[in-house]
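When you line the sequence shown up against our numbering, it's residues 6 to 267, in that order.
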Amino acid sequence: MYPLNKSFLLAIIVIIIALVALGLYVYMISQTKPTQRILIVGTSPDFPPFEYIDEQGNIVGFDIDMMKELAKMMDYDDIEIVSIDFEGLIPALQQGQIDVIAAGMTITDERKQQVDFTIPYWEADQAILVIKGGDFQPESPDDLVGKVVGVQTGTTAESYLTDLVENQGYDITIKSYSSYVLAVTDLVNGRIDAVMVDLPVAKMFEKQYNVQISGIVETGEKYGLAVRKGNTELLNKLNDALTQLMQSDKWDQLVQKYFGQG
Ligand code: GLN
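In structure tokens, the structure reads:
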């Protein structure tokens, strides 16, 4: 029937107009929303499972999920991840490019002169990584004499080896890389003899590359999040949230997700 068709058409037009208006309204609301509170997190995504780049090219990992949880608990709307070479993280923090460093960073006296650390959230030793099944199986730093050992620039592994060479007369050639992934790649390709890296990360590299852990150096390092010196407001909030998170089931789930069993 003609009249019915006409009113039907009219109804459709009214609905379309209403939907467009609603869409516009929602868009405008979203644009005028009060400024979002974003926590800017700096990391160096070459340290699995704490931070790494997944197959889709996203920066993911234990530290990233942990920061998302902490940010939520501290009433931030979201976090923004900024990727920076490990050695550039402290300068970036000091220059105000980032608010917090989440990078499996060991709390050291030297770094404490430059940044403020939260309470520890992880503990780790160092591992010596070599090519899988090779003849060279160094168990301790003594076995590294006369060899070329790769590390990531600015890490505790680099300081550890530098101390051996400069203060204890060890003849070890240290090769520093902008990222641990590059160091392990060179190890796999036979360009260096070993890599020294934090044990939990060495275990992940063992799964991903043709390498194996030949020795462990018990350094008992503790990881903390770092904020700008004197940023006590953020530091206190992070410490409160971290204390709470570490006692929650969520923490166990995170540990399970990234470290699992075996
Ligand atoms: N934990 C080591 C350090 O703080 C290594 C950290 C890293 O390479 N991301 O130096």
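By construction, the Cβ of each residue, glycine as well, lies at the ideal position given by its N, Cα and C atoms.
Glu226 carries a strand assignment under DSSP once its states are collapsed to helix, strand and coil.
Counting only runs of at least 3 residues, the stretch 108-162 fully encloses the following beta strand (DSSP E) elements, listed from N- to C-terminal order: 120-122, 127-136 and 153-157. Only residues of its own chain outside the window of five on either side were considered, and among them Val105, Asp121, Leu239 and Leu240 have a CB closer than 6 angstroms to the CB of Val232, listed in chain order.
Under DSSP, Glu85 forms a beta bridge with Ile45. When rounded, the separation of the alpha-carbon atoms in Ala97 and Gly138 is 40 angstroms. Counting only the Cα atoms, Ile34 lies some 40 angstroms from Phe52. In this structure, the straight-line span from the alpha carbon of Lys242 to that of Val186 is close to 33 angstroms.
Taking a contact to require three or more Cβ pairs closer than 8 angstroms, the stretch 122-138 and the stretch 199-213 qualify as touching. In the three-state DSSP reduction, Thr40 falls in the coil class, being neither helix nor strand.
Ranked by Cα distance from Leu166, the first of Val222, Val189, Asp114 and Gly195 is Val222. Within 7 angstroms of the C-beta of Met110 there is at least one heavy atom belonging to the ligand GLN. Under the 10 Å beta carbon count, Tyr30 is surrounded by fewer than 16 other beta carbons and is classified as exposed. Three or more Cβ pairs drawn from the stretch 151-161 and the stretch 176-185 lie within less than 8 angstroms of each other, which places the two stretches in contact.
Looking at the DSSP output, Arg233 sits in a beta bridge with Val120. 8 angstroms or more divides the Cβ of Thr113 from the Cβ of Tyr228. DSSP, read as helix, strand or coil, puts Phe52 in strand.
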